[in-house]
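Undergrad: Before we start, here is the structure in question, set down as structure tokens.
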Amino acid sequence: MRDYAEQLEQRLMLAARAEAHRGWARRLWRAALARPVAWVAVVGTTGAAAAIVAALMLTAGAVPSAAQAFPILAKPASDIRVGLRVLRHAREFAEATGTGYVLETSNGDTLCVDSYPPPGLLPQSPNAYDTMCVPTAYAEQHGILESVYWPALPGDYRFVALVPVGGSADLTIGGATTTIPVAADGIATGVVTQDATVSLHIAGVTHTQQLGPDYGNVTSLNVGTGTTGSSTTTGPP
Amino acid sequence: MGVMKDLDGCDDAALLGAHERGDEAFAVFYRRHLDDVLRFCARRGLDAAAAADVTAETFAAVLLGRRRYRPDAGPARAWLLGIASHKIGDYGRRMARDRRALRRLAVAPVELSARDRTDYAALVAEESAALASSALADLPDDQRAAVYARVVEGESYEAIARDLRISESLARQRVSRGLRALRIRLGKEPS
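Protein chains in written order, with the working numbering: chain C, 1 to 237; chain E, 238 to 428.
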């Protein structure tokens, strides 16, 4: 069972790392609650996602260390207000059906990809968002692959990938594989309505994530942490 | 490598409870016990695909619940196989793959290669032989001798009766009772 053993170990290790980062995010969340400045970001959001934002607010002076790997980080960062959130050092990108943001901590060690629902989709949750944060060094090797499911859009399974320079992405549905265009800023995004596999090919290594009805709103296989800001979608365990 | 070396020397409880480098600690635990779980599945009669599913789901459940392990409740291996036993039970009851823990972790199922299937078949044969051998050894002397002569050496009842200095009907009875006892011990027949 060597092939099986190696593959399963690799997948469980990635999951274990993601688990570790969720713990890290939860610790940040608790720390954020203890500091008044964080409340601005906490209101209207949930769980670890707020902690990430709080951490971003508590830091200052961006040092975009990964700009070479991710062209979007070469764009000027700005502070963007979205609902009650203020995204520090954010870069905007176009999503399949809306707007997303790449955020970077001031010391450059963590990258987040934030995804927002289409405007007006969740009037009761104006601050709903989905975020995926990973260590920057990890992102440079694996990319960031975030799957997003809004229950108000049943059957739509979205993905947003931040692909490092030189990487590529493809989508496999029913055995047929198609290339996902990667924009100049490194973003690859789309929506599927059936079981599919999204693969990122980076430096000769393939990282995959399955999404669709059989997989639901899953946390990416190759990410450090998967958190959801929406009160209506799956949160961290 | 130094860290890995240290982790390799850790006991199971330390690996499961590790906060620092928890992912590496979990990998050491996984490598240490993967064979235990696969053999456990083989002994329970699972086919290769089911064993792969149950094993993956078991370790995913361990990853999610490893902080709940309490050393004073027993060895980690027993705890692990307890989880595997539950997963096998779920699998049997639902006749469907239960991948709750895997889905929660977003771990995609691993497809078995041809080499994996061959390896698992060998493992099943090994476990079956070990089980049968163990069960045979547990039989009373008279039954064991009769079963061994009949099943392993292929002797006729007449030859068995002659060798054991018993009647042919008694030889048949001992073989029959011995085989029934083996079936019960191997879980093929209710006691």
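All C-beta atoms in this analysis are idealised placements derived from N, C-alpha and C, irrespective of residue type, glycine included.
Does the distance between the C-beta of C/P164 and the nearest non-hydrogen atom of the ligand SAM fall short of 8 Å?
TA: Questions concerning the ligand SAM fall outside what the structure shown contains, since it holds no ligand whatsoever.
Undergrad: With distances taken from CA atoms, which of E/V412, E/E363 and E/R336 is nearest E/R280?
TA: E/E363
Undergrad: Within a Cβ cutoff of 7 Å, which residues of the same chain sit near C/G167, ignoring the five residues on either side of it in sequence?
TA: G143, L200, H201 and I202
Undergrad: Closer than 7 Å by beta-carbon distance: list the chain E residues that pair up with C/M13, in chain order.
TA: Within 7 Å Cβ-Cβ: D260 and A264.
Undergrad: Go through its chain and collect everything with a Cβ distance to C/G212's Cβ below 7 Å, but skip five positions before and after it.
TA: Y157, V192, Q194, D195 and A196
Undergrad: Against chain C, does E/A287 count as a neighbour if the rule is that its beta carbon must be under 9 Å from one of theirs?
TA: Judged by the 9 Å Cβ criterion, E/A287 is not in contact with chain C.
Undergrad: May I ask you to report which of helix, strand or coil DSSP gives C/Y149?
TA: Here C/Y149 sits in coil by DSSP.
Undergrad: In the DSSP assignment, the beta strand (DSSP E) including C/S115 goes from what residue to what residue?
TA: T110 to S115
Undergrad: With 9 Å set as the bound, which would you pick, yes or no: does the beta-carbon of C/Q141 sit closer than that to a beta-carbon of chain E?
TA: At least 9 Å separates the CB of C/Q141 from every CB of chain E.
Undergrad: Considering only residues of the same chain and omitting the five flanking positions on each side of C/P71, which have a CB-CB separation below 7 Å?
TA: V165, A184, D185 and G186
Undergrad: Give the interface partners of E/L349 over in chain C, defined as CB-CB distance under 9 Å, in chain order.
TA: Residues of chain C passing the Cβ test: M1, D3 and Y4.
Undergrad: With distances taken between CB atoms, is the gap from C/A5 to E/L342 smaller than 9 Å?
TA: no
Undergrad: Is it true that the CB of E/A321 sits closer than 9 Å to the CB of E/T355?
TA: no
Undergrad: With 9 Å set as the bound, which would you pick, yes or no: does the beta-carbon of C/E9 sit closer than that to a beta-carbon of chain E?
TA: yes
Undergrad: Output, in chain order, the set of chain C residues within a Cβ distance shorter than 9 Å of E/V344.
TA: Within chain C, L8, R11, L12, L14, A15 and L221 have C-beta atoms less than 9 Å from the C-beta of E/V344, given in sequence order.
Undergrad: So with Cβ pairs under 9 Å, would you call C/A49 a contact of chain E?
TA: Confidence at C/A49 is low in this model, with a pLDDT of 44, below 50, so the placement of that residue should be treated as unreliable; the coordinate-derived value is given next. No, because no Cβ of chain E sits closer than 9 Å to the Cβ of C/A49.
Undergrad: Excluding the 5 residues preceding and the 5 following E/L253 in the sequence, name in chain order all residues of the same chain whose CB lies nearer than 7 Å to its CB.
TA: F266, R303, Y306 and A313
Undergrad: Just grab the DSSP bridge partners of C/T178 for me.
TA: C/L171
Undergrad: Taking beta-carbon pairs under 8 Å, can you tell me which members of the stretch 349-366 of chain E lie near chain C?
TA: L349, S350, R352, D353, D356, Y357 and L360
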